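Colleague: Structure below; questions to follow.
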Amino acid sequence: MRIRSASTALAALTALAVLGLDAGAARALGPVNATLGIDYYHGPESQTTVRPMGECEAEVDSFSATVGASHFEDNQTGHAWGITATLKGLVAPRLRMVAAGTGFAGDSTHGAWRAKLGPEWTLAPERTIGVFAVHYDDRFGNRASGVETDFDTPLVPRLSGSMAVAVERSNGLTGEDATATLAWNLSDVFELTGDLGVSHNGSGLTGLLPPRGLLQKQQGGRSSGKGGGPPSTGTSTTATVTSATALIGVRVHF
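Per this note's numbering, the sequence shown runs over residues 54 to 307.
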């Protein structure tokens, strides 16, 4: 099963690379960029995820669209796939509307999805700030909604940084996530990325893959409070988790 999943992921990423290198498609759609990469992520409840990924981005007039595919090997969720699409449209000078969605499928993620919608302002070349409504939903009854703010900026030549802060409500608990990211372009082709963050009652809104273990604890705490008042002190303590998050990634751009 692992060999089959790995070969399927490799085939999908190869197809994305071919699409990104297709000059005919580039002329038809405008500037087209393709990216291949792999990430290692450590998240809430000792979640660890390895993710090979690939994506293509195209620009048409005042719109840009990105489509990506990821394959996950996760110690909580198992094998999983993620398909992501992002659409950005210019609605005023320096202002774009952003709509993004991700659908998951796999061992324990079938039917899970998350979405992001909101405005993004261009403050200066390659410097943007966005404010988004975010939502997560899955077939196990887990729900999370919140507000996320993203800020991206160049720092020095070949080095850029970003920050993201999210406040959310998940399974009856209020949580916060904050992440700082650095991206270093070693050349026009290769890029190294890394981020550090903190998550308090994190949910499926941030991170590479919804943290299955934490969502189960949150759902257990919510269920214990039904009908008979608030959950017991022991259950609430179990469901409340603050932890560090980290990601290391490599990108190849075409």
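Glycine included, each C-beta is placed from N, C-alpha and C at the ideal position.
Model, not experiment: these values are computed from the prediction.
Can you list, in chain order, the residues of its chain whose CB lies under 7 Å from that of T181, leaving out five sequence neighbours each side?
Modeller: The residues are E173, W174, T175 and D205.
Colleague: Taking Cβ to Cβ, would you say S252 is nearer than 9 Å to E229?
Modeller: Contact flag set, yes.
Colleague: At a cut-off of 8 Å, is T155 close to the ligand ZN when judged by its beta-carbon and the heavy atoms of the ligand?
Modeller: The ligand ZN is absent from the structure shown, which contains no ligand whatsoever.
Colleague: Give the single residue among G266, A87, G96 and P210 whose Cα lies nearest to the Cα of E179.
Modeller: Out of G266, A87, G96 and P210, P210 has the C-alpha closest to the C-alpha of E179.
Colleague: Grab me the residues of A152's own chain with a C-beta within less than 6 Å of its C-beta, minus the 5 sequence neighbours each way, in chain order.
Modeller: Once the five neighbours on either side are set aside, the close Cβ partners of A152 are L140 and L170.
Colleague: Measuring CA to CA, which of V200, Q271 and G266 is closest to L226?
Modeller: Closest option to L226, Cα to Cα, is Q271.
Colleague: Taking the CB atoms as reference points, tell me whether P146 and V294 lie closer together than 9 Å.
Modeller: In this structure, V294 does not lie closer than 9 Å to P146 by Cβ.
Colleague: For T137, which residues of its own chain have a beta-carbon under 6 Å away from its beta-carbon, when the five flanking residues on both sides are left out?
Modeller: So the list reads G121 and T155, once near-sequence residues are dropped.
Colleague: For G154, which of helix, strand or coil comes out of DSSP?
Modeller: Looking at G154 - three-state DSSP - the assignment turns out to be strand.
Colleague: Could you tell me which residues DSSP puts in a beta bridge with R192?
Modeller: Beta-bridge pairing links R192 to no other residue.
Colleague: Applying the criterion that 16 or more other CB atoms from any shown protein chain within 10 Å of the CB defines a buried residue, is H163 buried or exposed?
Modeller: Exposed: under 16 other Cβ atoms inside 10 Å.
Colleague: For Q100, which three-state DSSP category applies?
Modeller: Strand at Q100.
Colleague: In angstroms with no decimal places, state the Cα-to-Cα distance between S60 and E126.
Modeller: Its pLDDT being 44, under 50, S60 is placed unreliably by the model, and the measurement read from it follows with that caveat. Rounded to whole angstroms, S60 to E126 spans 13 Å at the Cα level.
Colleague: Does the beta-carbon of L258 have 16 or more other beta-carbons within 10 angstroms, so that it is buried, or is it exposed?
Modeller: Looking at its Cβ environment, which holds 16 or more other Cβ atoms inside 10 Å, L258 is buried.
Colleague: Kindly list the residues whose CB is nearer than 6 Å to the CB of I301, restricted to its own chain and excluding five residues on each side of it in sequence; keep chain order.
Modeller: Counting only Cβ-Cβ distances below 6 Å, and skipping sequence neighbours, we find Y93 and G247.
Colleague: Assign G164 to one of three DSSP states: helix, strand, or coil.
Modeller: The answer is coil: DSSP assigns G164 none of H, G, I, E or B.
Colleague: In whole angstroms, what is the alpha-carbon distance linking N128 and H306?
Modeller: Taking the straight line joining both Cα atoms gives about 29 Å.
Colleague: Using a 10 Å radius around the Cβ and a threshold of 16 neighbouring Cβ atoms, would you call V113 buried or exposed?
Modeller: V113 is exposed by the Cβ-count criterion.
Colleague: State the Cα-Cα distance for the pair R265 and A297, rounded to the nearest angstrom.
Modeller: Their backbone Cα atoms lie some 16 Å apart in a straight line.
Colleague: Identify which residue in V200, V242 and H132 has its Cα closest to the Cα of T102.
Modeller: It is H132.
Colleague: Cutting at 6 Å between CB atoms, please list the residues of its own chain near P207, excluding the five before and the five after it.
Modeller: Only E179 and S213 meet the Cβ criterion.
Colleague: Terminal residues of the continuous beta strand (DSSP E) containing D127?
Modeller: Segment F116 to D127, the beta strand (DSSP E) holding D127.
Colleague: Give every residue of the same chain whose Cβ lies closer than 7 Å to the Cβ of G90, excluding the five residues on either side of it in the sequence, and list them in chain order.
Modeller: If we look at G90 and ignore the five residues flanking it on each side, its Cβ neighbours are M106, G302, V303, R304 and V305.
Colleague: Tell me which residues share the same chain as G142 and place their Cβ nearer than 7 Å to its Cβ, disregarding the 5 neighbours each side in the sequence.
Modeller: Cβ within range, chain order: S115, F116, R149 and M150.
Colleague: Could you name the residues that DSSP lists as bridge partners for T309?
Modeller: Since the first and last residues shown for the chain are 54 and 307, residue 309 lies out of range.
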